[in-house]
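A short worksheet on the structure shown next.
Residue numbers (my numbering), protein chains in the order written: chain A, 3 to 110; chain B, 3 to 884.
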């Protein structure tokens with residue numbers, strides 16, 4: 003059980019990091035972006051999104067800062083840190099490896 | 003993010019909770035708005051949009067909890083949380099917590115102090131190069147009463163040339179000289195050494211050089227200064243090396259300065275006090291000196307790989323050869339011992355006793371703290387039950403109590419280090435003579451590390467306190483439990499208190515035995531009266547008073563001037579004072595012309611006519627010396643009663659002739675006539691049997707320095723300024739030194755027994771207080787638990803006196819059990835302590851009988867307050883609560 007939750011958590015972290023690759027976003031915007039890109043396959047609820055964001059911030063992969071949203075509201079926007087970028091690259095490679103392996107297993 | 007920033011965020015995570023919470027609230031609120039705005043943009047009314055947004059956000063408290071969990075990322079954060087919680091828990095019950103911290107501090111602090119002492123005296127090696135290879139070689143004159151006599155020059159030479167076990171052999175002899183360069187003339191202790199002495203020890207000079215073989219010249223005009231003398235008299239000026247200074251009115255060249263940390267640590271009977279402040283080499287004629295002239299304390303460095311036993315056999319072989327070659331009445335025998343072992347022998351016993359008692363105190367203090375924690379666990383039974391019911395596992399409960407134990411131990415250790423520091427200061431003030439290495443004692447890093455280790459072990463033990471509560475079955479019963487008195491009787495705590503009382507009894511009995519020992523030592527009649535006597539020393543080897551007549555004139559003038567000081571009733575002088583650090587002076591005696599067998603040895607002392615009266619040595623027969631016993635008159639002597647009884651059993655010693663060796667030629671070559679007999683004086687050791695004693699008139703011998711004694715009715719110390727002035731009046735160039743009451747010397751002779759007694763007594767008192775606290779804690783707790791029972795009893799007609807008795811009986815039961823176990827333990831401890839006792843049996847009935855009531859009374863006193871509280875139980879109050 004523990005392994006599978008770990009995997010899910012890792013997947014969510016990877017998604018969040020990837021979303022922030024192009025620039026800072028606030029929480030809701032991150033969820034929106036994930037939903038858009040995955041055409042709704044992944045609908046990340048605030049209940050799992052915020053713990054993930056804070057966990058990544060504690061790890062030092064992302065950094066939050068208060069800014070103005072497009073409509074002029076005060077929001078906390080997150081951006082990747084240098085460490086976060088490295089982390090993203092590493093997790094991407096790892097993911098490719100796992101996916102490749104899975105594909106080979108399933109095709110055999 | 004850099005590690006520092008990450009650390010900062012961790013620290014914020016642990017301590018900046020409130021701010022982070024507020025920020026999270028703000029973030030979630032802004033997100034809610036953001037969501038609502040999006041819903042509105044999708045066409046919902048503002049109210050509907052808000053509701054939809056709320057739905058999507060889900061349960062906010064739940065969300066916040068999940069986020070908070072993410073703040074605690076590492077094990078450190080979890081630990082910090084535990085510590086925070088433990089701190090809150092301890093603060094919630096400040097009384098018991100403070101008590102626990104103080105208790106722990108007393109135990110850990112005392113342990114640290116004693117550990118420091120034990121480490122520096124018993125465990126750290128002597129501060130010399132490869133100290134395990136150092137040995138002492140004594141002449142074994144057991145037949146003459148001297149199992150450890152000094153060696154003569156020829157014997158040192160024989161050892162050097164005719165044994166093969168040693169790399170180097172050196173000798174030392176302590177003397178005194180007057181330094182009259184720069185400022186007031188000053189008398190200093192000096193060590194005469196063979197030139198290889200410091201090389202043998204492995205000392206490096208702080209300035210200049212050590213002695214070299216070419217320094218062995220007639221009148222040895224070279225000098226090595228100790229660091230302290232160099233500082234005090236020459237202001238630490240490195241330019242003093244190579245300079246000529248005046249020693250005993252003659253020039254001597256300073257060749258070097260010894261390092262600050264150099265200390266001369268020879269056993270006490272070597273007569274080399276650690277107050278030696280300068281060294282000079284022996285002249286070249288050492289090997290040609292008379293064979294019987296014994297004054298060299300001999301140190302030898304064994305070759306690498308040579309065991310002490312091998313060296314001993316080697317030296318003994320030489321002794322056998324010498325006996326054969328020399329013939330004569332006396333066999334030559336040596337005693338070879340390790341320097342390290344020899345130094346430790348007199349301190350090991352007392353220190354082990356003190357160490358054992360501090361260990362007991364540590365256990366008692368820990369048991370007390372454990373008691374407090376067990377009580378806390380019992381009081382938190384419901385809380386623990388709730389935690390368990392909510393799914394907290396064993397690990398979680400243990401972790402929390404471990405955090406509590408660690409917090410207690412950390413606080414206790416901090417306070418304890420301060421306590422230990424203070425104790426060490428007090429202990430150093432006791433200045434036990436045999437613990438000379440105490441000067442270097444400190445709470446160093448290693449001692450602190452050990453102490454922390456002990457604290458950690460205890461903290462681990464403390465963590466187990468609530469285990470019982472955890473394993474208590476039946477969670478629902480616990481949750482519902484209210485006042486079932488039977489179950490709430492604190493069995494565990496009672497057991498702890500019994501153990502504590504028992505250990506305290508052991509300590510008290512030990513303290514009692516040592517106190518009785520000290521009382522016996524105090525009661526020993528040393529053969530002289532020390533009260534009311536002031537002593538000081540002067541050098542007698544000055545150029546101005548070189549002839550015997552000049553010395554006699556000076557002595558006469560000084561004595562008269564000193565006697566004129568108001569309040570002084572008598573004045574005397576002597577070569578030695580009891581228990582001083584001047585090397586012992588002694589030699590053979592015989593009553594026949596040509597002694598043909600092993601002759602007995604006596605301690606020699608040279609004294610003035612006024613000595614016996616001033617020191618309070620009782621004249622048994624004949625007369626004391628008179629002024630008429632001058633340098634040129636008939637040689638006379640006074641002997642002690644033990645010599646008289648041995649030499650002339652059944653006959654009067656008065657007028658008898660005795661052959662002695664006052665000029666240390668090695669054989670009894672001088673006839674003296676016995677004119678008086680005095681009481682035997684315990685002048686070198688209070689406890690050990692001593693040699694017989696022969697007194698010579700100071701005027702007929704030459705001893706340097708000379709000690710003066712003044713008897714007064716008032717406080718002897720008050721005479722010191724007048725003494726200084728009187729000596730200056732008579733001879734302005736004469737330095738006085740070691741001005742102190744005779745009683746101080748006597749105190750020093752009792753210092754080992756006092757040291758052990760004071761420390762064990764202090765630990766026992768601390769233990770008694772802790773035991774009282776322990777008993778009080780348990781009884782007070784049961785009183786609170788049994789309030790309902792007491793109320794019911796009162797309502798049913800019990801008198802308040804009966805209630806009080808009920809409580810006292812509880813306490814008494816603990817005390818009696820503890821005392822019973824304790825007395826049994828004390829019997830075992832008696833075996834350990836036996837060697838440290840004097841005049842008291844280890845199973846001394848009086849001590850045992852005295853300890854039991856002391857503890858009983860203390861326990862009853864500890865129960866008094868809870869008992870009062872019990873009798874004050876308000877019946878209506880209790881019944882209303884039902």
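Built from N, CA and C at the ideal position, the CB exists for glycine as well.
Three-state class that DSSP yields for residue 748/B in the structure shown: helix
For residue 68/A, does the three-state DSSP call read helix, strand or coil? strand
Under 8 Å between the Cβ atoms of residue 616/B and residue 573/B? yes
Residue from 154/B, 515/B and 301/B with nearest C-alpha to residue 274/B: 301/B
Could you tell me the alpha carbon to alpha carbon distance between residue 231/B and residue 255/B, rounded to whole angstroms? 15 Å
Verify the CB distance criterion: does residue 30/A have a CB-CB separation below 8 Å to chain B? yes
Of all the options 110/A, 75/A and 68/A, which has the alpha carbon lying nearest to the alpha carbon of residue 81/A? 68/A
Output needed in chain order: residues of the segment 34–51 of chain A with a Cβ under 7 Å from some Cβ in chain B. 47, 48 and 49
Beta-bridge pairing of residue 691/B - partner residues as DSSP gives them: None, per the DSSP bridge assignment.
Since I believe residue 368/B is in contact with residue 109/B (beta carbons under 8 Å), could you give me their beta-carbon distance rounded to a whole number of angstroms? 6 Å
Looking at the unbroken alpha helix (DSSP H) that takes in residue 908/B, where does it start and where does it end? Any property of residue 908/B remains undetermined from this structure, which presents chain B solely from 3 to 884.
Just to make sure I have the definition right: I need the residues of chain A whose C-beta is within less than 8 Å of the C-beta of residue 71/B. Which are they? 53
Reduced DSSP category for residue 130/B - H, G, I as helix; E, B as strand; rest coil: coil
Nearest by alpha-carbon distance to residue 197/B: which of 62/B, 174/B, 138/B and 180/B is it? 174/B
The beta strand (DSSP E) with residue 867/B in it runs from where to where? Here residue 867/B belongs to no beta strand (DSSP E); instead the alpha helix (DSSP H) covers 847–873.
In the DSSP output, what is residue 255/B paired with across the bridge? 224/B and 246/B
Considering just the uninterrupted stretch of the beta strand (DSSP E) at residue 201/B, what are its terminal residues? Taken as a continuous stretch (DSSP letters only), residue 201/B belongs to no beta strand (DSSP E), being part of the alpha helix (DSSP H) at 199–203.
Between residue 90/A and chain B, is there a C-beta pair that is closer than 8 Å? no
Within chain B, partners of residue 78/A - CB distance below 9 Å: 25, 28, 29, 32 and 33
Considering only the alpha carbon of each residue, which of 233/B, 235/B and 224/B lies closest to residue 246/B? 224/B
What three-state label does DSSP hand residue 540/B in the structure shown? strand
Contacts of residue 27/A in chain B (Cβ-Cβ under 8 Å): The contacting residues do not exist; residue 27/A stays about 11 Å from chain B at best.
Pairwise C-alpha distance: residue 776/B and residue 508/B: 16 Å
Does the count of Cβ pairs from the segment 533–547 of chain B and the segment 662–681 of chain B closer than 8 Å reach three? no
With a Cβ-Cβ cutoff of 8 Å, do residue 64/A and residue 22/A count as a contact? yes
Hey, does residue 110/A have any beta-carbon neighbour from chain E nearer than 8 Å? Protein chains A and B are contained in the structure displayed, whereas chain E is not.
Apply the 10 Å Cβ neighbour rule to residue 548/B and answer buried if 16 or more other Cβ atoms are within range, or exposed otherwise. exposed
Alpha carbon to alpha carbon, how far is residue 268/B from residue 500/B? 46 Å
Cα-Cα separation between residue 488/B and residue 794/B, rounded to whole angstroms: The predicted position of residue 488/B is uncertain, since its pLDDT is 42 and thus under 50; no value can be drawn from it.
Mind checking if residue 75/A is an interface residue toward chain B, Cβ cutoff 8 Å exclusive? yes
Residue 767/B bridges to which residues according to DSSP? In DSSP, residue 767/B forms no bridge with anything.
Roughly how many angstroms separate the alpha carbons of residue 115/B and residue 132/B, rounded to a whole number? 27 Å
Which first and last residues belong to the beta strand (DSSP E) in which residue 150/B is found? 148–151
Assuming residue 78/A and residue 29/B make a contact with CB atoms under 8 Å, what is their CB distance in whole Å? 5 Å
Taking Cβ-Cβ distances shorter than 8 Å, what residues in chain A pair up with residue 39/B? 73 and 75
Quick one: is residue 44/B near chain A, going by C-beta distance under 8 Å? no
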